[in-house]
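Notes follow once the structure below has been shown.
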Amino acid sequence: MLLPFCNFKRQTQPFRHFFRLVEEQSNNLVPLTDEQLASLLEGCRKGISASQQQLYEHFCRYAMAICLRYAHQEDEARQVMNDGFVKVFTHLHQFRPEKQHQHLVVSFKSWIKKIMIYTAIDYFRANRKHQHEEVDHAVLYKADPQATPLDKLSHEELMKMVQMLSPAYRMVFNLFVIDGYSHEEIARQLGISVGTSKSNLAKAREKLRKMLLSRYAELYSRYER
Numbered sequence: 082m083l084l085p086f087c088n089f090k091r092q093t094q095p096f097r098h099f100f101r102l103v104e105e106q107s108n109n110l111v112p113l114t115d116e117q118l119a120s121l122l123e124g125c126r127k128g129i130s131a132s133q134q135q136l137y138e139h140f141c142r143y144a145m146a147i148c149l150r151y152a153h154q155e156d157e158a159r160q161v162m163n164d165g166f167v168k169v170f171t172h173l174h175q176f177r178p179e180k181q182h183q184h185l186v187v188s189f190k191s192w193i194k195k196i197m198i199y200t201a202i203d204y205f206r207a208n209r210k211h212q213h214e215e216v217d218h219a220v221l222y223k224a225d226p227q228a229t230p231l232d233k234l235s236h237e238e239l240m241k242m243v244q245m246l247s248p249a250y251r252m253v254f255n256l257f258v259i260d261g262y263s264h265e266e267i268a269r270q271l272g273i274s275v276g277t278s279k280s281n282l283a284k285a286r287e288k289l290r291k292m293l294l295s296r297y298a299e300l301y302s303r304y305e306r
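Just add 81 to wherever you are in the sequence shown, counting from 1, and you've got my numbering.
What follows is the structure in structure tokens.
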């Protein structure tokens, strides 16, 4: 999947499509039917631990795929995910299927996704004073030495690139490009100005552009030898 770099602003679409596809395919269990999910939710509301465990097992990989985009590394993502599931079980009584979704499973996954995103935002806010601007990783990024042009833009590489962004850039990039929030919504959630949100997005795109250019230059120089 080649990305032309003449207009990188438009080329963030592959990031959105790829990560959403990964999230949708992240479950390793047999998909739940609406009836099965309704039964699990009822058990969870009654405090039945077996139901809570099954619900977690069915949706933890989906939630983790979301949290990984917002985190710098897996341990941080797991912390966000676990905090998010605490909120899921605590506020399960507030879940109401969305009218635009015909299926309970789709509606519930949408609800979980919102909780994971808001939990990631809470984590960002709580740790903002400890976060510093990172060095320009574009020149430090090294591709897998065994990779070939056919391997380019794997999920792991895309994830690594996004995780290498500074926390502020990564947060805005995810919210705007992947999850579809407006700059006004982002500014309100993060306590920043709309201008800062737009600036962080532009800088995130530029850093990703440099990483991708570096990635392709290395791959094709090796491939042409």
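Virtual Cβ for every residue (Gly too), placed ideally from N, Cα, C.
Taking 8 Å as the threshold (C-beta atoms), are residue j and residue i in contact?
i           : j           : result
residue 258 : residue 251 : no
residue 273 : residue 256 : no
residue 204 : residue 169 : no
residue 265 : residue 253 : no
residue 173 : residue 126 : yes
residue 145 : residue 131 : no
residue 154 : residue 202 : no
residue 200 : residue 165 : yes
residue 185 : residue 136 : no
residue 246 : residue 288 : yes
residue 249 : residue 208 : no
By DSSP, does residue i sit in helix, in strand, or in coil?
i           : result
residue 145 : helix
residue 262 : coil
residue 245 : coil
residue 131 : helix
residue 253 : helix
residue 177 : coil
residue 296 : helix
residue 230 : The predicted model places residue 230 with a pLDDT of 38, which falls under 50 and marks its position as unreliable; any figure quoted below should be read in that light. Helix at residue 230.
residue 84  : Its pLDDT being 40, under 50, residue 84 is placed unreliably by the model, and the measurement read from it follows with that caveat. The answer is coil: DSSP assigns residue 84 none of H, G, I, E or B.
Would you please verify whether the beta carbon of residue i is less than 8 Å from any beta carbon of chain B?
i           : result
residue 132 : Considering every chain present, this structure includes no chain B. It has just one protein chain.
What residue range does the alpha helix (DSSP H) around residue i cover?
i           : result
residue 200 : 185–208
residue 119 : 115–126
residue 157 : 155–171
Touching or not, the region 238–246 and the region 188–199, by the rule of three or more beta carbon pairs under 8 Å? no
State whether the region 173–190 contacts the region 122–135, with contact taken as three or more CB pairs (one from each stretch) at a distance under 8 Å. yes
At what residue ranges does the region 262–294 contain a whole run of the alpha helix (DSSP H), taking only runs of 4 or more? 264–271
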